[in-house]
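As given, the protein sequences belong to chains H and Z, one line each in that order.
By the working numbering, the letter at position 258 of the first sequence is numbered 258, and the numbering carries on one by one without gaps.
Going from the second sequence to the working numbering is simple: count from 1 and add 312.
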Amino acid sequence: MSDTFFSGAPHWTWFIIPYFFVGGLAGGASFLAAVIDLFGKPEDRPVVRTGHNVAAVGAILSGLLLTIDLGKPLRFWHMLFQSENLPAIMFKPWSPISFGAWAILLFGLCSVLSVLGARAEEGRLQNPALRAVGGTVRGGVAKLVSGAGGLLGIFVAGYTGVLLSVTNRPIWADSPWLGALFVASGASTGAATLILLGPRRGATEQAVHRLSAFDTRALVVELLILVLFLVSLGSVNRVWLSFWGLLLVVGVIGLGILVPLGLHLKPTSFGGLAARPIANAAKLVLLGGFLLRLATMLASEGIERYRVAAGI
Amino acid sequence: MPEPMGFFTDTTVCIGCKACEVACKEWNQLPAENGGIRELSGDSYDNTRRLDGIHWRHVRFIEQFKGPYDGRWLMMSDVCKHCVQAGCLEVCPTGAIIRTEFDTVVIQSDVCNGCRACIAACPFGVIDINPVSGTAQKCTLCYDRLKVGLEPACSKACPTDSIQFGAISELRTRAQKRVEQLHAQGVQANLYGADPNGALGGLNSFYLLVDRPEVYGLPRQPQLPASQLAKSGSLSVASAAVLGLLAIVGLRKRRMDEQSRGGPGNV
Ligand code: SF4
Ligand code: SF4
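Below you can see the structure in the form of structure tokens.
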């Protein structure tokens, strides 16, 4: 019996689950945007810009969700500064929730700067102050900001899983693979978002195909890590004998990974979904990414402490 | 600097009167649950059920009966363990959780922002949110009373001295003597959390138990949450590196394809 069954549930539910999903997706999109920005070609710019936009909106939304979820939302800044010792910084490198708060802040900053840079480049900024800031984010600086944003983005996607592992809760602390799993899911959902939104910002068909080819590989990595995650849980796997287990198998593995993989590799076998295989696969990947957070969070949250373990 | 202080709870003399629960609630002015309308749990005499933000003491009732007249009651007054290496203190991102001069662990309610990381980090399920304050709360080992030389309200109220308060070094000696006494009587008794070289560097609230820790709802080998950090972090970095490589390889492949087709592969 795992010792994790004796701990208490933190009630991280209806704001934190969307936060983990949005943060992962935004982080993955920013990571891909940075890689394409640094290693791609000028015709990939629309994808890069879409990535920065998704990252900026996602980072702001993540910060809001995280703040609303606090018992005392107005004290959110206590995670960043020592409330009794201003302006000293509050930072614990061994506590994911502490360094994660900083990561989201910096991720949001880089993403917003990248968006401003791109808008200034396109001449779409009216406000003089914003235009001045955007004007500084060009050339080498723009690449640097984009690269930093990408690294921070994938960090944000993964730290949420590490945060869960650095607890004493069932499932989360019983496996070291949750961070890696959320990284892979962040990458796959990030790519899926770019596939769906990229064309509106002028992404070419080839660019979308390349994103979809990447998504296929990311889904294979995700599936592999998911298997390793389940194997590492050992006897704790019995918690999946519940609705959440069904959701994991049908929703996450089936609909969220295997069907999109099938749509990428052999679309003709999927009837109606085959009409727009890439877009439909992307939608399913997003659904799977959300259900992954939902199942892993609520399966653990729902375990009634003590009694299960002690059998009393 | 005062000596480390704490509790030694001898579960063999607990009579389940809950005086400790009441004294704790009174002294710390903890609100009633559900507006004072108590739902009966149907679980023995235990209607408190767990430690949380408004129950900082909890008397467990464990019925071990093979037949109507063949069995025993185990009773244990549970509380925060004031771990020497405390998981809650380790993860708290606001610095609200501090170690006091008495080596106890206290949450400063005016600093806590209710992120609830400490709830998931505590191996014993001690902390929860107090709905009145909106912050995480738990036993303070009556820090306010200790400051003025008083003993905590619960141990003061305990009529059988099942809960004993004192300097940890002295409590350990006393506990060891009690174990020897029980062994001499043929009772299987063990100390839980008394070993400074054991899990979490020892617990400043430790117990004498007569069954396995799990029976009392206590983990066998409690861990610090950050023990997972290095492994979980490295695996995450490795997977990010693999995905980054896959993305770069995809872009390179395109360039090579274009070059082999004689297209514009010059970026
Ligand atoms: S028992 Fe839990 S709440 Fe108490 S000090 Fe240890 S980790 Fe913190
Ligand atoms: S809920 Fe309060 S005491 Fe607990 S970790 Fe968060 S800030 Fe710290």
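A virtual CB, placed ideally from N, CA and C, is assigned to each residue, including glycine.
From a predicted model like this one, the values you see are computed outputs, not experimental measurements.
- Query: So is the beta-carbon of Ile409/Z under 6 Å away from any non-hydrogen atom of ligand 2?
  - Reply: yes
- Message: Output needed in chain order: residues of the segment 137–165 of chain H with a Cβ under 7 Å from some Cβ in chain Z.
- Response: Ile154, Gly158, Gly161, Val162, Ser165
- chain Z contact for Leu70/H (CB, 7 Å cutoff): yes
- Contacts around Ile475/Z, its chain only, beta-carbon distance under 7 Å, and the 5 residues preceding and following it disregarded: Phe319, Thr321, Cys332, Ser389, Cys466, Ser467
- Message: To the nearest angstrom, how far is the alpha carbon of Asn237/H from that of Asp3/H?
- Response: 14 Å
- What distance in whole Å lies between the Cβ atoms of Ala59/H and Ser111/H, which are believed to be in contact at a cut-off of 8 Å? 5 Å
- Query: When burial is assigned at 16 or more other CB atoms within 10 Å of the CB, is Asn425/Z buried or exposed?
  - Reply: buried
- Query: When we look at the beta-carbon of Arg124/H and count the other beta-carbons within 10 Å, is it buried (16 or more) or exposed?
  - Reply: exposed
- Check whether the Cβ of Ile439/Z lies closer than 6 Å to any heavy atom of ligand 1, and answer yes or no. yes
- Kindly indicate if chain H contains any beta-carbon less than 7 Å away from that of Ile419/Z. no
- For Ala335/Z and Ala469/Z, believed in contact at Cβ under 8 Å, the rounded distance: 4 Å
- Indicate, with yes or no, if ligand 3 has a heavy atom lying under 6 Å from the CB of Val417/Z. The model depicted lacks ligand 3 and carries ligand 1 and ligand 2 instead.
- In chain order, what residues of the segment 263–287 of chain H put their CB closer than 9 Å to some CB of chain Z? none
- Message: I'd like to check one pair, Thr13/H with Ala432/Z: are the Cβ atoms closer than 7 Å?
- Response: no
- Query: Which chain H residues are close to Val391/Z, counting only those with a beta carbon under 9 Å from its beta carbon?
  - Reply: Ordered by position in chain H, no residue passes the 9 Å Cβ test against Val391/Z, which lies about 14 Å from the chain.
- Item | Pick from Val371/Z, Val418/Z, Ile327/Z, Ser356/Z that is closest to Leu453/Z, judged by C-alpha positions | Val418/Z
- Query: Does Arg169/H have its Cβ less than 7 Å from a Cβ in chain Z?
  - Reply: yes
- Item | Same chain, Cβ closer than 8 Å to Val579/Z, neighbours up to 5 away in sequence not counted | Below a pLDDT of 50, predicted positions are generally treated as unreliable, and Val579/Z, at 31, falls in that range; the measurement from the model is reported next regardless. Once the five neighbours on either side are set aside, the close Cβ partners of Val579/Z are Arg567.
- Message: ligand 1 and Val5/H: does the residue's C-beta get closer than 6 Å to at least one heavy atom of that ligand?
- Response: Residue 5/H is actually Phe in this sequence, not Val. Flag unset: Cβ of Phe5/H not near ligand 1.
- Item | Opening and closing residue of the alpha helix (DSSP H) in which His495/Z lies | 480–496
- Task: Ignoring anything shorter than 4 residues or poking outside the segment 188–270 of chain H, list the alpha helix (DSSP H) runs there in chain order.
- Result: 205–233, 243–246, 259–265
- Could you list which residues in chain H have their beta carbon closer than 8 Å to that of Asp440/Z, in chain order? Gly8
- Message: When you compare the segment 178–197 of chain H with the segment 133–143 of chain H, are there three or more beta-carbon pairs, one atom per stretch, that lie closer than 8 Å?
- Response: no
- Helix, strand or coil for Ala448/Z per DSSP? strand
- Task: For Ile303/H, count neighbouring Cβ atoms within 10 angstroms of its own Cβ and tell me buried if that reaches 16, exposed if not.
- Result: buried
- Answer yes or no: does any C-beta atom of chain H fall closer than 7 Å to that of Val423/Z? yes
- Member of Val115/H, Ile16/H, Ala279/H, Ser212/H whose CA lies at the smallest distance from the CA of Leu196/H: Ala279/H
- Message: Tell me which residue opens and which closes the beta strand (DSSP E) that Phe373/Z is part of.
- Response: 370–379
- Message: With the cut-off set at 7 Å, would you say Ser114/H and Val145/H are in Cβ contact?
- Response: yes
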